[in-house]
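Residue numbers (the working numbering): 59 to 146.
Spelled out as structure tokens, the structure:
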């Protein structure tokens, strides 16, 4: 764990102090949890953006059957010397 120093607006500091008393938690723990929540939300947003960028990626493909798509993907395995069963 790394130690750091931050500056908080007075109102945020007061609210965190009060919240810490109610929850019986230190200011540091509240800030750690808030940062983790923020980072978790940020990662989730990043994944959503990736999914949205990929949406419709195959819309121009002639093959839409899952079976046909899987057959095509699996045919590439033999070209890359990969055993789809996982055996060597």
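Every residue, glycine too, gets a C-beta built ideally from N, C-alpha and C.
Let me check understanding here. Comparing Cα to Cα, which of 70, 86 and 76 lies closest to residue 60? 86
Which whole-angstrom value is the C-beta distance of residue 77 and residue 88, which I expect to be below 8 Å? 6 Å
Quick check: what's the CA-CA separation for residue 92 versus residue 115? Cα-Cα distance, rounded: 36 Å.
On the three-state DSSP scale, how would you describe residue 9? This structure cannot settle anything about residue 9, because the visible part of the chain is limited to 59 through 146.
Which class does residue 5 belong to by DSSP, given the choice of helix, strand or coil? The structure shown does not extend to residue 5, since the chain is modelled only from 59 to 146, so the question has no answer here.
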